[in-house]
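Quick note: to get the working numbering, add 101 to the position in the sequence shown (first position is 1). Input: a single structure, listed below in C-alpha cells.
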Amino acid sequence: MTARSARKSQPHVVPPFSVKGGELMVGGLPLSRLAARVGQTPFYAYDRTKLTERAEALKAELSDHVRLHFAMKANPMPALVCHMAGIVDGCDVASGGELKVALDAGFEPPEISFAGPGKSDSEIHQAVASGILVNVESFREIRILSASSEELGLPARVSVRVNPDFDLKRSGMRMGGGPKQFGIDSERVPEALAMIAEHGLSFEGFQIFAGSQNLSAESLAEAQSKSFELALALSASAPAAVRCLNLGGGFGVPYFPGDGPLNIGAAVDTLNQVAERSAEELGAHVVLELGRFLVSEAGIYVCRVIDKKPSRGHTFLVTDGGLHHHLSASGNFGQVIRRNYPVVLGTRMGDEEARERVSVVGPLCTPLDVLADDVELPQAVPGDLVVVFQSGAYGVSASPSEFLSHPPVVEVLV
Ligand SMILES: *Cc1c(COP(=O)(O)O)cnc(C)c1O
Numbered sequence: 102m103t104a105r106s107a108r109k110s111q112p113h114v115v116p117p118f119s120v121k122g123g124e125l126m127v128g129g130l131p132l133s134r135l136a137a138r139v140g141q142t143p144f145y146a147y148d149r150t151k152l153t154e155r156a157e158a159l160k161a162e163l164s165d166h167v168r169l170h171f172a173m174k175a176n177p178m179p180a181l182v183c184h185m186a187g188i189v190d191g192c193d194v195a196s197g198g199e200l201k202v203a204l205d206a207g208f209e210p211p212e213i214s215f216a217g218p219g220k221s222d223s224e225i226h227q228a229v230a231s232g233i234l235v236n237v238e239s240f241r242e243i244r245i246l247s248a249s250s251e252e253l254g255l256p257a258r259v260s261v262r263v264n265p266d267f268d269l270k271r272s273g274m275r276m277g278g279g280p281k282q283f284g285i286d287s288e289r290v291p292e293a294l295a296m297i298a299e300h301g302l303s304f305e306g307f308q309i310f311a312g313s314q315n316l317s318a319e320s321l322a323e324a325q326s327k328s329f330e331l332a333l334a335l336s337a338s339a340p341a342a343v344r345c346l347n348l349g350g351g352f353g354v355p356y357f358p359g360d361g362p363l364n365i366g367a368a369v370d371t372l373n374q375v376a377e378r379s380a381e382e383l384g385a386h387v388v389l390e391l392g393r394f395l396v397s398e399a400g401i402y403v404c405r406v407i408d409k410k411p412s413r414g415h416t417f418l419v420t421d422g423g424l425h426h427h428l429s430a431s432g433n434f435g436q437v438i439r440r441n442y443p444v445v446l447g448t449r450m451g452d453e454e455a456r457e458r459v460s461v462v463g464p465l466c467t468p469l470d471v472l473a474d475d476v477e478l479p480q481a482v483p484g485d486l487v488v489v490f491q492s493g494a495y496g497v498s499a500s501p502s503e504f505l506s507h508p509p510v511v512e513v514l515v
C-alpha cells in the first residue's frame, strides 16, 4: 500500500449531524426539503445551534480572564456574523469591508480589533473614526494612525502585532517566525513602542499570532507560553500599561482522513494559566481569536449530482458545485498534497449495501475541479445531493466565484 492510499483509508472525523429516513437533517429539515426551501443548489448552510454549542462549550472551559473573539475572515456572511455577535466577546476584522459587517452585526467598537498587513490610509481612518483597536503591523501604520487621530480629534487605540522569533510547530499555516509580512519583528518592537509614545497614541497591548489550523494541543500550549513570555519582555518598553494581550488562536479542525479533533481541555489549559499570570503580572486580559474552530463544523456545502460518467474503469459524479464555490475542499487553498474533506451523499445516508468508488467533480473545465477524489459512496443517481462537511469556514469568500461564469452560490443560516 502506498503512503497515499494508506492515509486515504483512515477514517474522517464526520461532524455530528443527525439522520432521519435516510437523509441528513440540517436545521431540523431533511436535506432535500432544505434544498427545496433554498430554491437552488449549490448552497451553503450554517447551523445556528451548532455555532452556539461550539462557542458555549469552549467558553465553559475558558478562564474569566480570557475573551473569545471571532476572526471574521473565516466566514463574513452578515447573518452569521450577527449570530456570532450574540455568543462571543468580540470580533477581529481584516479589512474596512469586514469592519462594516462587524459594526452592522452589532459588535461594539471596543470589542473589535483590526489586523492585516497593508491597511490602507482610508481603512485606518475608518478604524479611528469607529473607535476600534488597530493592531499595527508597520511603522507606516503608526504614522497614518497618528495623522488620522489628529485630523479626527479622536484617540487612536493601538496594539502592536508582533512577528515573534519563533513559529507555531505543526501548523497548517505559519503566520509568524522568520521573515514575515505580518506584524513588526519582535526585535524592532521597542522602537515601534517609542514611536507610539512620541505620537501620543493610546497604547493597549500586543497581538502575537503564530499560526493557524493546528490540531496539537501541545504545540499550541508551547506557542501560548512563548508568546506570553515575549509579551512580558516587550511590556518593559511599553508606553502605558498593557491591558489586552491577543495571543492569536490557531485551533484547528479535522478536515482530512486520519486528523483527530483538537483536545480542547488540553488546548486551553496552558492558555488559562497564562491568562491568570497576565491578569496578575500585567493587569491584562487575554484574547483568543478563532476563525475556523468556531464555524467550520457548523457548515455544509451542498451540490447536486447532474451526471454520472464512467471513464475507463473509474466513475465520476459530476455535480453543479465545485472549486468556484469551495476552493478549500478542492484542495487548492493552501494544501500541499490534495486530500479529501469528509463527503457524503446526503440523500442516501446509511445506504450500506450497493456502494461504489467514485470521484466527485464539478462542472468547470479544469482537472483541479475535484470535490472528492476516489471515495466510497452509496450508488448515486443524478438528482442526489452531495454534502461536503467542515464547510463553515473559508468557503464562499475564499473561492474564485467568477471563474467560468457559473451561477453564484447561496448561503443560508438555519
Ligand atoms: C486568519 C486569522 C485568524 C483566524 O485563523 P483560523 O485558522 O481561521 O482560526 C485569526 N487571527 C488572524 C490575525 C488571522 O489573520
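The beta-carbon is built from N, C-alpha and C at its ideal position, and this holds for glycine as well.
Counting only heavy atoms of ligand 1, the residues whose C-beta sits closer than 5 Å to one of them are, along the chain, 172, 175, 216, 310, 313, 350, 390, 391, 392 and 393. Annotation: the continuous alpha helix (DSSP H) that includes residue 226 extends over 222-231. Around the Cβ of residue 226, a 10 Å sphere holds 16 or more other Cβ atoms; the residue is buried.
In the structure shown, the three-state DSSP call for residue 490 is coil.
Its Cα nearest to that of residue 145, the residue 398 stands out among 398, 112 and 197. With respect to the 8 Å criterion, residue 351 and residue 313 are classified as neighbours on the basis of their beta carbons. For residue 251, the closest C-alpha among the options 303, 283 and 221 is that of 303.
Look at the stretch 288-355 and you find these whole runs of beta strand (DSSP E), each 3 residues long or longer: 303-308, 312-315 and 345-347. The secondary-structure analysis by DSSP pairs residue 268 with nothing; it has no beta-bridge partner. With a 10 Å radius around the Cβ and a threshold of 16 neighbouring Cβ atoms, residue 220 comes out buried. The way I'd put it, the stretch 399-412 does touch the stretch 477-495; three or more beta-carbon pairs between them come closer than 8 Å. Residues 264 of the same chain have their beta carbon placed closer than 6 Å to that of residue 286, with the five preceding and five following residues left out of the count.
As DSSP reads the structure, residue 473 sits in a beta bridge with 461.
Residue 466 carries a coil assignment under DSSP once its states are collapsed to helix, strand and coil. Residue nearest to residue 281 within the set 266, 386, 378 and 372 is 266 (criterion: CA-CA distance).
Each residue's CA atom was taken as its position, placing residue 224 and residue 246 some 10 Å apart. Rounded to the nearest whole angstrom, the CA to CA distance from residue 135 to residue 118 is 14 Å. Going by C-alpha positions, residue 374 is about 28 Å away from residue 289.
Within the stretch 152-222, the beta strand (DSSP E) runs of at least 3 residues that lie entirely inside it are, in chain order, 167-172, 191-194 and 213-215. With a cutoff of 8 Å on beta-carbon distance, residue 234 and residue 260 are scored as near each other.
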